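Following: one structure in C-alpha coordinates, then a few remarks.
Residue numbers (my numbering): 122 to 561.
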(Lines of atoms letter the chains of each structure in order from A and count residues from 1; the text may use other names and numbers.)
(Lines give C-alpha, C1' and ligand atoms only; values in the text may rest on other atoms or scores of the structure.)
Protein backbone atom coordinates (compact mmCIF):
# COMPACT_ATOMS: atom_id res chain seq x y z
CA UNK A 1 0.00 0.00 0.00
CA UNK A 2 1.37 3.38 -0.99
CA UNK A 3 2.43 5.85 1.69
CA UNK A 4 0.20 8.89 2.12
CA UNK A 5 2.40 12.00 2.15
CA UNK A 6 0.84 15.39 2.83
CA UNK A 7 2.81 18.57 2.10
CA UNK A 8 1.72 21.88 3.56
CA UNK A 9 2.90 24.64 1.22
CA UNK A 10 2.84 24.81 -2.57
CA UNK A 11 5.90 26.96 -3.14
CA UNK A 12 9.28 26.01 -4.60
CA UNK A 13 10.20 23.64 -1.76
CA UNK A 14 6.73 22.13 -1.45
CA UNK A 15 6.35 21.40 -5.17
CA UNK A 16 9.85 19.93 -5.26
CA UNK A 17 9.06 17.69 -2.30
CA UNK A 18 5.81 16.63 -3.98
CA UNK A 19 7.56 15.61 -7.20
CA UNK A 20 10.25 13.61 -5.46
CA UNK A 21 7.84 11.95 -3.05
CA UNK A 22 5.61 10.94 -5.98
CA UNK A 23 8.61 9.70 -7.97
CA UNK A 24 9.52 7.63 -4.90
CA UNK A 25 6.16 5.89 -4.99
CA UNK A 26 4.01 7.83 -2.52
CA UNK A 27 0.48 9.14 -2.84
CA UNK A 28 1.00 12.89 -2.44
CA UNK A 29 -1.31 15.73 -1.51
CA UNK A 30 -0.20 19.37 -1.48
CA UNK A 31 -2.13 21.86 0.64
CA UNK A 32 -1.86 25.48 -0.54
CA UNK A 33 -3.78 28.31 1.13
CA UNK A 34 -3.51 30.61 -1.91
CA UNK A 35 -5.65 30.27 -5.04
CA UNK A 36 -2.68 28.89 -6.97
CA UNK A 37 0.69 27.34 -6.26
CA UNK A 38 4.15 28.80 -6.72
CA UNK A 39 3.26 32.48 -6.82
CA UNK A 40 6.55 33.55 -5.23
CA UNK A 41 8.56 31.73 -7.91
CA UNK A 42 7.20 34.17 -10.49
CA UNK A 43 8.94 37.12 -8.83
CA UNK A 44 12.38 35.51 -8.47
CA UNK A 45 15.25 36.92 -10.49
CA UNK A 46 13.13 39.93 -11.46
CA UNK A 47 10.78 37.56 -13.24
CA UNK A 48 13.56 35.58 -14.92
CA UNK A 49 14.20 33.08 -12.08
CA UNK A 50 17.85 32.75 -11.12
CA UNK A 51 17.29 29.11 -10.16
CA UNK A 52 20.78 28.12 -8.99
CA UNK A 53 24.44 29.11 -8.91
CA UNK A 54 27.59 27.27 -9.88
CA UNK A 55 29.47 28.61 -6.84
CA UNK A 56 27.85 26.67 -4.03
CA UNK A 57 29.84 27.09 -0.82
CA UNK A 58 29.13 27.30 2.90
CA UNK A 59 29.63 31.07 3.04
CA UNK A 60 26.71 31.53 0.64
CA UNK A 61 24.29 30.55 3.40
CA UNK A 62 23.52 31.89 6.87
CA UNK A 63 22.27 29.71 9.70
CA UNK A 64 22.76 29.28 13.46
CA UNK A 65 24.50 26.03 12.51
CA UNK A 66 26.82 27.06 9.65
CA UNK A 67 27.43 23.45 8.57
CA UNK A 68 23.77 22.48 8.25
CA UNK A 69 22.86 24.01 4.83
CA UNK A 70 25.69 22.36 2.91
CA UNK A 71 25.04 18.99 4.53
CA UNK A 72 21.64 19.14 2.81
CA UNK A 73 22.79 20.73 -0.45
CA UNK A 74 25.59 18.19 -0.88
CA UNK A 75 22.84 15.61 -1.36
CA UNK A 76 21.33 17.54 -4.28
CA UNK A 77 23.64 20.22 -5.66
CA UNK A 78 23.48 22.75 -8.45
CA UNK A 79 24.45 20.24 -11.15
CA UNK A 80 21.68 17.94 -9.95
CA UNK A 81 19.29 20.88 -10.17
CA UNK A 82 20.21 21.56 -13.80
CA UNK A 83 19.80 17.89 -14.72
CA UNK A 84 16.47 17.76 -12.88
CA UNK A 85 15.04 20.75 -14.71
CA UNK A 86 16.35 19.38 -17.98
CA UNK A 87 14.43 16.15 -17.25
CA UNK A 88 11.29 18.32 -16.96
CA UNK A 89 11.98 20.06 -20.26
CA UNK A 90 13.54 23.28 -18.99
CA UNK A 91 16.81 24.27 -20.67
CA UNK A 92 19.09 26.50 -18.63
CA UNK A 93 21.84 28.98 -19.41
CA UNK A 94 24.47 30.76 -17.34
CA UNK A 95 25.14 34.45 -16.86
CA UNK A 96 28.29 35.87 -15.28
CA UNK A 97 29.66 32.30 -15.44
CA UNK A 98 27.84 30.87 -12.41
CA UNK A 99 24.30 32.33 -12.37
CA UNK A 100 21.79 29.96 -14.01
CA UNK A 101 18.44 30.93 -15.55
CA UNK A 102 15.94 29.20 -17.83
CA UNK A 103 16.80 29.83 -21.48
CA UNK A 104 13.41 31.47 -21.93
CA UNK A 105 14.23 34.03 -19.21
CA UNK A 106 10.79 33.38 -17.78
CA UNK A 107 10.19 32.40 -14.16
CA UNK A 108 6.78 31.18 -15.33
CA UNK A 109 8.56 28.41 -17.28
CA UNK A 110 10.06 27.09 -14.05
CA UNK A 111 6.71 27.14 -12.26
CA UNK A 112 4.94 25.56 -15.23
CA UNK A 113 7.48 22.73 -15.33
CA UNK A 114 6.94 21.99 -11.63
CA UNK A 115 3.18 22.19 -11.95
CA UNK A 116 3.06 19.99 -15.07
CA UNK A 117 5.31 17.38 -13.46
CA UNK A 118 3.04 17.27 -10.41
CA UNK A 119 0.05 16.71 -12.70
CA UNK A 120 1.91 14.00 -14.63
CA UNK A 121 2.77 12.16 -11.39
CA UNK A 122 -0.77 12.33 -10.06
CA UNK A 123 -0.07 14.73 -7.20
CA UNK A 124 -3.28 16.09 -5.68
CA UNK A 125 -3.11 19.87 -5.20
CA UNK A 126 -5.68 21.50 -2.93
CA UNK A 127 -5.69 25.29 -3.31
CA UNK A 128 -7.45 27.74 -1.01
CA UNK A 129 -7.01 25.10 1.65
CA UNK A 130 -5.89 26.46 5.02
CA UNK A 131 -4.49 24.05 7.61
CA UNK A 132 -5.88 24.69 11.07
CA UNK A 133 -4.49 22.03 13.40
CA UNK A 134 -2.20 19.02 13.18
CA UNK A 135 -2.59 15.97 15.40
CA UNK A 136 -0.32 12.98 15.53
CA UNK A 137 -0.17 9.74 17.46
CA UNK A 138 1.88 6.57 17.59
CA UNK A 139 0.09 3.27 16.97
CA UNK A 140 1.85 -0.08 16.68
CA UNK A 141 5.16 1.64 15.98
CA UNK A 142 3.68 3.91 13.33
CA UNK A 143 3.05 7.66 13.41
CA UNK A 144 -0.30 8.76 12.04
CA UNK A 145 -1.04 12.41 11.23
CA UNK A 146 -4.38 14.13 10.97
CA UNK A 147 -4.39 17.56 9.33
CA UNK A 148 -7.53 19.59 9.88
CA UNK A 149 -8.19 22.25 7.23
CA UNK A 150 -10.99 24.65 6.34
CA UNK A 151 -12.16 22.11 3.77
CA UNK A 152 -11.56 18.62 5.14
CA UNK A 153 -9.47 16.45 7.44
CA UNK A 154 -6.54 14.76 5.74
CA UNK A 155 -4.78 11.66 7.09
CA UNK A 156 -1.07 11.14 6.43
CA UNK A 157 1.64 8.59 7.09
CA UNK A 158 4.24 11.35 6.89
CA UNK A 159 3.99 15.12 6.77
CA UNK A 160 6.21 17.79 5.21
CA UNK A 161 6.04 21.40 6.37
CA UNK A 162 7.15 23.63 3.48
CA UNK A 163 5.03 26.65 4.36
CA UNK A 164 7.57 29.37 3.61
CA UNK A 165 8.49 32.34 5.76
CA UNK A 166 6.99 35.79 6.35
CA UNK A 167 8.87 37.48 3.50
CA UNK A 168 6.87 38.87 0.55
CA UNK A 169 3.42 38.27 2.09
CA UNK A 170 1.71 39.36 -1.15
CA UNK A 171 2.88 36.03 -2.61
CA UNK A 172 1.24 34.07 0.20
CA UNK A 173 4.04 33.89 2.78
CA UNK A 174 2.05 34.66 5.93
CA UNK A 175 4.24 32.99 8.57
CA UNK A 176 1.52 30.50 9.51
CA UNK A 177 4.04 27.67 9.22
CA UNK A 178 5.86 28.92 12.30
CA UNK A 179 2.73 28.39 14.40
CA UNK A 180 2.30 24.90 12.99
CA UNK A 181 5.91 24.06 13.83
CA UNK A 182 5.50 25.42 17.35
CA UNK A 183 2.33 23.40 17.82
CA UNK A 184 4.40 20.29 17.10
CA UNK A 185 6.97 21.24 19.73
CA UNK A 186 9.60 22.93 17.57
CA UNK A 187 11.52 26.04 18.56
CA UNK A 188 11.36 28.97 16.12
CA UNK A 189 14.19 31.51 16.04
CA UNK A 190 12.58 34.92 15.65
CA UNK A 191 12.08 35.59 11.91
CA UNK A 192 13.32 38.97 10.65
CA UNK A 193 13.44 40.51 7.15
CA UNK A 194 16.53 39.64 5.07
CA UNK A 195 17.68 40.55 1.57
CA UNK A 196 16.00 43.87 2.16
CA UNK A 197 16.66 47.62 2.00
CA UNK A 198 18.00 49.63 4.96
CA UNK A 199 16.42 52.81 6.29
CA UNK A 200 18.91 55.44 7.45
CA UNK A 201 18.84 58.58 9.55
CA UNK A 202 19.34 61.92 7.82
CA UNK A 203 17.31 64.34 5.74
CA UNK A 204 19.56 64.36 2.67
CA UNK A 205 18.57 60.96 1.24
CA UNK A 206 15.68 62.48 -0.70
CA UNK A 207 18.22 64.64 -2.51
CA UNK A 208 20.33 61.56 -3.28
CA UNK A 209 17.45 59.31 -4.33
CA UNK A 210 17.97 57.51 -7.63
CA UNK A 211 21.77 57.43 -7.53
CA UNK A 212 23.38 54.14 -8.57
CA UNK A 213 27.11 53.80 -8.06
CA UNK A 214 29.74 51.16 -7.36
CA UNK A 215 30.73 51.20 -3.70
CA UNK A 216 32.23 49.18 -0.89
CA UNK A 217 30.04 48.83 2.20
CA UNK A 218 31.25 47.90 5.67
CA UNK A 219 28.66 46.98 8.28
CA UNK A 220 29.50 47.89 11.88
CA UNK A 221 27.50 46.68 14.86
CA UNK A 222 28.13 48.36 18.21
CA UNK A 223 31.35 49.78 16.77
CA UNK A 224 32.67 46.43 15.49
CA UNK A 225 33.14 45.57 11.82
CA UNK A 226 31.12 42.45 11.07
CA UNK A 227 30.64 42.29 7.28
CA UNK A 228 31.83 43.86 4.04
CA UNK A 229 30.25 43.84 0.59
CA UNK A 230 30.99 45.48 -2.76
CA UNK A 231 28.78 46.15 -5.75
CA UNK A 232 26.25 48.59 -7.13
CA UNK A 233 24.76 50.71 -4.36
CA UNK A 234 21.34 52.26 -4.89
CA UNK A 235 20.38 55.27 -2.81
CA UNK A 236 16.68 55.72 -2.07
CA UNK A 237 14.73 58.57 -0.52
CA UNK A 238 14.88 56.79 2.85
CA UNK A 239 18.27 55.05 2.81
CA UNK A 240 20.24 52.48 0.84
CA UNK A 241 19.46 49.50 -1.37
CA UNK A 242 21.04 47.27 -3.99
CA UNK A 243 22.59 43.80 -3.88
CA UNK A 244 25.46 44.66 -1.49
CA UNK A 245 22.92 46.12 0.94
CA UNK A 246 20.74 43.02 0.64
CA UNK A 247 23.70 40.75 1.39
CA UNK A 248 24.43 42.37 4.75
CA UNK A 249 20.85 43.29 5.69
CA UNK A 250 20.15 40.15 7.71
CA UNK A 251 22.98 41.00 10.11
CA UNK A 252 21.69 44.56 10.40
CA UNK A 253 18.17 43.27 11.10
CA UNK A 254 19.36 40.96 13.86
CA UNK A 255 21.51 43.66 15.47
CA UNK A 256 18.72 46.23 15.37
CA UNK A 257 16.34 43.72 16.93
CA UNK A 258 18.89 43.39 19.75
CA UNK A 259 18.86 47.22 20.15
CA UNK A 260 22.45 47.59 18.95
CA UNK A 261 23.85 50.57 17.03
CA UNK A 262 24.17 49.76 13.34
CA UNK A 263 26.26 51.75 10.86
CA UNK A 264 27.18 51.19 7.24
CA UNK A 265 30.39 52.90 6.15
CA UNK A 266 30.31 53.58 2.41
CA UNK A 267 33.38 53.94 0.21
CA UNK A 268 32.30 55.76 -2.96
CA UNK A 269 35.76 55.27 -4.53
CA UNK A 270 36.30 51.53 -4.01
CA UNK A 271 38.85 51.32 -6.82
CA UNK A 272 41.33 53.46 -4.85
CA UNK A 273 42.82 52.74 -1.44
CA UNK A 274 43.11 55.58 1.06
CA UNK A 275 46.70 56.48 0.14
CA UNK A 276 45.87 56.55 -3.59
CA UNK A 277 42.84 58.73 -2.82
CA UNK A 278 44.95 61.29 -0.96
CA UNK A 279 47.47 61.41 -3.84
CA UNK A 280 44.64 61.76 -6.37
CA UNK A 281 43.00 64.68 -4.53
CA UNK A 282 46.27 66.44 -3.81
CA UNK A 283 46.81 66.60 -7.56
CA UNK A 284 43.17 67.49 -8.24
CA UNK A 285 43.23 70.41 -5.82
CA UNK A 286 46.34 71.66 -7.61
CA UNK A 287 44.89 71.28 -11.12
CA UNK A 288 41.27 72.24 -10.49
CA UNK A 289 41.42 74.46 -7.46
CA UNK A 290 40.08 77.30 -9.58
CA UNK A 291 36.78 75.50 -10.05
CA UNK A 292 33.80 76.37 -7.93
CA UNK A 293 32.73 73.80 -5.37
CA UNK A 294 29.72 72.73 -7.41
CA UNK A 295 32.01 71.71 -10.28
CA UNK A 296 35.00 70.30 -8.44
CA UNK A 297 33.89 66.64 -8.38
CA UNK A 298 32.51 66.62 -11.92
CA UNK A 299 33.65 63.37 -13.54
CA UNK A 300 34.44 61.73 -10.21
CA UNK A 301 31.06 61.02 -8.58
CA UNK A 302 27.40 61.68 -9.30
CA UNK A 303 26.65 65.41 -9.19
CA UNK A 304 23.88 65.05 -6.58
CA UNK A 305 26.22 63.06 -4.35
CA UNK A 306 29.00 65.61 -4.87
CA UNK A 307 26.76 68.46 -3.71
CA UNK A 308 25.84 66.65 -0.50
CA UNK A 309 29.43 65.66 0.32
CA UNK A 310 30.77 69.14 -0.39
CA UNK A 311 28.10 70.69 1.80
CA UNK A 312 28.86 68.21 4.61
CA UNK A 313 32.55 69.16 4.34
CA UNK A 314 31.69 72.87 4.60
CA UNK A 315 32.99 73.71 1.12
CA UNK A 316 30.99 76.48 -0.56
CA UNK A 317 29.37 75.74 -3.88
CA UNK A 318 29.81 79.25 -5.29
CA UNK A 319 33.51 79.75 -4.47
CA UNK A 320 36.73 78.25 -5.87
CA UNK A 321 37.74 75.19 -3.85
CA UNK A 322 41.21 76.76 -3.48
CA UNK A 323 39.66 78.86 -0.72
CA UNK A 324 38.74 75.77 1.30
CA UNK A 325 40.77 74.84 4.37
CA UNK A 326 42.89 71.73 4.84
CA UNK A 327 40.34 70.50 7.36
CA UNK A 328 37.50 70.91 4.84
CA UNK A 329 39.45 69.06 2.17
CA UNK A 330 40.21 66.23 4.56
CA UNK A 331 36.53 66.09 5.47
CA UNK A 332 35.59 65.82 1.79
CA UNK A 333 37.95 62.88 1.31
CA UNK A 334 36.55 61.25 4.43
CA UNK A 335 33.02 61.65 3.08
CA UNK A 336 34.02 59.98 -0.17
CA UNK A 337 35.85 57.09 1.50
CA UNK A 338 34.01 56.72 4.82
CA UNK A 339 30.50 58.04 4.49
CA UNK A 340 28.49 57.03 7.54
CA UNK A 341 24.96 55.72 7.00
CA UNK A 342 23.37 55.35 10.42
CA UNK A 343 20.77 52.60 10.08
CA UNK A 344 17.49 53.14 11.89
CA UNK A 345 15.57 50.09 10.63
CA UNK A 346 15.24 47.55 7.87
CA UNK A 347 12.28 47.61 5.53
CA UNK A 348 9.36 45.35 6.54
CA UNK A 349 8.62 41.77 5.49
CA UNK A 350 6.62 43.12 2.55
CA UNK A 351 9.89 44.30 0.96
CA UNK A 352 12.06 41.36 1.99
CA UNK A 353 13.00 38.54 -0.36
CA UNK A 354 13.58 36.04 2.47
CA UNK A 355 13.78 35.91 6.26
CA UNK A 356 16.57 35.20 8.67
CA UNK A 357 15.45 32.95 11.50
CA UNK A 358 12.86 30.18 11.42
CA UNK A 359 12.61 26.62 12.70
CA UNK A 360 15.73 25.76 14.68
CA UNK A 361 17.82 23.36 12.57
CA UNK A 362 19.33 21.73 15.65
CA UNK A 363 15.97 19.92 15.84
CA UNK A 364 16.23 18.68 12.23
CA UNK A 365 18.28 15.77 10.87
CA UNK A 366 20.22 17.12 7.83
CA UNK A 367 20.51 13.62 6.32
CA UNK A 368 16.73 13.31 6.00
CA UNK A 369 15.14 16.69 6.90
CA UNK A 370 13.15 14.73 9.49
CA UNK A 371 12.23 16.24 12.82
CA UNK A 372 14.24 14.95 15.75
CA UNK A 373 11.13 15.51 17.89
CA UNK A 374 8.23 14.06 15.87
CA UNK A 375 8.78 10.86 13.87
CA UNK A 376 7.52 11.18 10.31
CA UNK A 377 7.55 14.99 10.30
CA UNK A 378 9.81 16.61 7.71
CA UNK A 379 10.74 20.20 6.84
CA UNK A 380 11.81 22.01 3.65
CA UNK A 381 12.47 25.51 2.38
CA UNK A 382 12.31 28.96 3.93
CA UNK A 383 10.45 27.80 7.03
CA UNK A 384 13.81 26.73 8.42
CA UNK A 385 16.53 28.95 9.86
CA UNK A 386 18.50 29.00 6.60
CA UNK A 387 18.83 31.99 4.29
CA UNK A 388 21.12 32.45 1.32
CA UNK A 389 22.71 35.44 -0.32
CA UNK A 390 21.46 36.83 -3.64
CA UNK A 391 22.21 34.74 -6.70
CA UNK A 392 19.99 31.66 -6.79
CA UNK A 393 20.95 30.32 -3.36
CA UNK A 394 17.56 30.48 -1.72
CA UNK A 395 15.98 28.60 -4.61
CA UNK A 396 18.75 26.02 -4.47
CA UNK A 397 17.96 25.59 -0.78
CA UNK A 398 14.32 25.00 -1.74
CA UNK A 399 15.25 22.41 -4.40
CA UNK A 400 17.75 20.60 -2.16
CA UNK A 401 15.74 20.51 1.05
CA UNK A 402 12.56 19.71 -0.88
CA UNK A 403 14.16 16.80 -2.69
CA UNK A 404 15.64 15.27 0.46
CA UNK A 405 12.41 15.72 2.43
CA UNK A 406 10.26 14.35 -0.39
CA UNK A 407 12.28 11.18 -0.93
CA UNK A 408 12.70 10.48 2.77
CA UNK A 409 9.04 11.13 3.59
CA UNK A 410 7.97 8.69 0.86
CA UNK A 411 10.38 6.03 2.07
CA UNK A 412 9.70 6.54 5.76
CA UNK A 413 8.88 3.21 7.40
CA UNK A 414 7.33 4.42 10.64
CA UNK A 415 10.43 4.33 12.80
CA UNK A 416 12.11 7.46 14.14
CA UNK A 417 15.46 7.71 12.36
CA UNK A 418 17.87 9.96 14.16
CA UNK A 419 20.99 9.52 12.07
CA UNK A 420 24.28 11.16 13.03
CA UNK A 421 25.19 14.45 11.42
CA UNK A 422 26.04 14.06 7.74
CA UNK A 423 29.68 14.34 6.81
CA UNK A 424 30.46 16.98 4.16
CA UNK A 425 31.65 15.57 0.86
CA UNK A 426 34.70 17.80 0.92
CA UNK A 427 36.67 19.79 3.46
CA UNK A 428 35.37 23.32 3.97
CA UNK A 429 36.44 26.31 5.97
CA UNK A 430 33.18 27.32 7.62
CA UNK A 431 32.85 31.00 8.45
CA UNK A 432 30.50 31.98 11.23
CA UNK A 433 27.72 34.36 10.15
CA UNK A 434 28.82 37.40 12.17
CA UNK A 435 32.45 37.76 11.24
CA UNK A 436 34.40 40.37 9.34
CA UNK A 437 35.38 39.22 5.90
CA UNK A 438 36.34 40.78 2.62
CA UNK A 439 34.08 40.04 -0.30
CA UNK A 440 34.53 40.93 -3.93
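We treat Cβ as the ideally placed atom computed from N, Cα and C, and that holds for glycine. Here the structure is a predicted model, which is why all the values come from computation and not from measurement.
Residue i, buried or exposed, once every other Cβ within 10 Å from all chains shown has been counted against 16
i           : result
residue 278 : buried
residue 403 : exposed
residue 253 : exposed
residue 516 : buried
residue 216 : exposed
residue 327 : exposed
residue 241 : exposed
residue 362 : buried
residue 458 : buried
residue 463 : exposed
residue 183 : buried
residue 236 : buried
residue 394 : exposed
residue 486 : buried
Three-state secondary structure assigned by DSSP to residue i
i           : result
residue 514 : helix
residue 227 : coil
residue 357 : coil
residue 122 : coil
residue 507 : coil
residue 472 : helix
residue 457 : helix
residue 446 : coil
residue 187 : coil
residue 163 : helix
Spatial neighbours of residue i in its chain, beta-carbon cut-off 7 Å, leaving aside the 5 residues before and after
i           : result
residue 186 : 482, 483
residue 257 : 264, 265, 266, 495
residue 325 : 429
residue 329 : 356, 425, 426, 429
residue 234 : 206, 209, 210, 211
residue 306 : 494, 495
residue 442 : 406, 410, 412, 414, 417, 436
residue 434 : 449, 452, 453, 456
residue 473 : 288, 289, 314, 315, 316, 317
residue 445 : 436
residue 506 : 184, 185, 310, 478, 479, 480, 481, 482
residue 176 : 219
residue 224 : 212, 213, 214
Residues of its chain near residue i, where Cβ-Cβ distance is below 6 Å and the 5 sequence neighbours each way are ignored
i           : result
residue 492 : 498
residue 431 : 414
residue 389 : 336, 422, 457
residue 129 : 152, 252, 282, 284
residue 518 : 507, 509
is_contact[residue i, chain D] using C-beta, thresh 8 Å
i           : result
residue 180 : Protein chains in the displayed structure number just one, and chain D is not present.
Cβ separation of residue i and residue j, assumed to be a contact under 8 Å, to the nearest whole Å
i           : j           : result
residue 314 : residue 467 : 5 Å
residue 274 : residue 268 : 7 Å
residue 341 : residue 384 : 5 Å
residue 231 : residue 284 : That belief does not hold up - the Cβ atoms of residue 231 and residue 284 are roughly 20 Å apart, past 8 Å.
residue 376 : residue 319 : That pair is no contact at about 11 Å.
Cβ-based neighbour list, residue i, same chain, cut-off 8 Å, excluding 5 preceding and 5 following
i           : result
residue 291 : 471
_Please give me, in chain order, every unbroken run of the alpha helix (DSSP H) with length at least 4 that falls completely inside the segment 367–437._
Unbroken alpha helix (DSSP H) runs of no fewer than 4 residues, entirely contained in the segment 367–437, are found at 395–409, 414–417, 424–434, following chain order.
*Kindly provide the ranges of any beta strand (DSSP E) runs that are 3 or more residues long and lie completely inside the segment 197–275, ordered along the chain.*
The qualifying runs are 213–216, 220–223, 245–247, 252–260, 263–270.
*Completely contained beta strand (DSSP E) runs for the segment 474–503, where each covers 3 or more residues*: The qualifying runs are 475–480, 498–500.
*Secondary structure, alpha helix (DSSP H): runs of 4+ residues fully inside the segment 284–351*: Correct list: 297–304, 326–329.
_Restricting to runs no shorter than 4 residues, where is the alpha helix (DSSP H) found entirely within the segment 128–159?_
Assignment of alpha helix (DSSP H) within the segment 128–159, counting only whole runs of 4 or more residues, yields 133–144 in chain order.
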